[in-house]
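Chemist: First residue of the sequence shown? That's 39 in our numbering, and the numbers climb one at a time after it.
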Amino acid sequence: MVVKVRIRGELLEYLLELSRDFYPNEFAGFLREKDGILEEVLIAPGGHFGPASAFFNTWLLPLDGEIKGTVHSHPDHVCQPSPQDLWFFSKFGGFHLIICYPYSPEDVRAYDSEGNPVEIEVVP
Ligand SMILES: [Zn+2]
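This is the structure we're talking about:
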């Protein structure tokens, strides 16, 4: 079985926009799901944004059952999760999007909580 993450096209567009707006810094947020489709982003509260890393404070994770993943940008065009990212993914579960520079629709990668690549299905 192929694992897929489904995301609304409009949300994906918006995430690309946010990544460009935050450049050269990282942008980070949480993804909210409805009926199996990622529909909404909440920009991480208390996130630390800088050229080196977006630090998610796990104590600040919203207590929200519809949060099914995270998203953050990589301004350095490395689309692979960093060791810090993998550590965070494993704590959080769900799906994790990485959007790397130059932030075109082809620069979006999805990973599961173990850091395995996951296919992305864009839902119109
Ligand atoms: Zn990262």
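No residue lacks a Cβ here, since even glycine has one placed at the ideal position from N, Cα and C.
#1: Work out the CA separation of Leu69 and Phe130 for me, nearest whole Å.
#2: Please report the residue range of the alpha helix (DSSP H) in which Ser111 lies.
#3: Strictly closer than 5 Å from CB to any heavy atom of ligand 1: give me those residues in the order they appear in the chain.
#4: Please return the same chain residues whose Cβ sits closer than 8 Å to the Cβ of Leu76, not counting the five positions on each side in sequence.
#5: State the DSSP-derived secondary structure class of Tyr149, mapped to helix, strand or coil.
#6: Kindly indicate the opening and closing residues of the alpha helix (DSSP H) around Gly47.
#7: Grab the span of the alpha helix (DSSP H) containing Pro155 for me, first residue to last.
#8: Determine the DSSP secondary structure at Val41, reduced to helix, strand or coil.
#9: Out of Glu55, Asp73, Gly74, which one is the CA nearest neighbour of Ala66?
Modeler: Based on what the coordinates show:
#1: CA-CA distance, Phe130 to Leu69, rounds to 12 Å.
#2: No alpha helix (DSSP H) holds Ser111; the beta strand (DSSP E) holding it covers 105-112.
#3: Chain order is used for the residues whose beta-carbon lies nearer than 5 Å to a heavy atom of ligand 1, namely Ser120, Asp123.
#4: Around Leu76: Val43, Arg44, Ile45, Arg46, Leu49, Leu69, Arg70, Lys106, Gly107, Phe133.
#5: Tyr149 falls in the strand class under three-state DSSP.
#6: Note, Gly47: alpha helix (DSSP H), 47-60.
#7: DSSP places Pro155 in no alpha helix (DSSP H) but in the uninterrupted beta strand (DSSP E) bounded by 155-161.
#8: Judged by DSSP in its simplified three-state form, Val41 adopts coil rather than helix or strand.
#9: Comparing Cα-Cα distances from Ala66 to each of Glu55, Asp73, Gly74, the minimum goes to Glu55.
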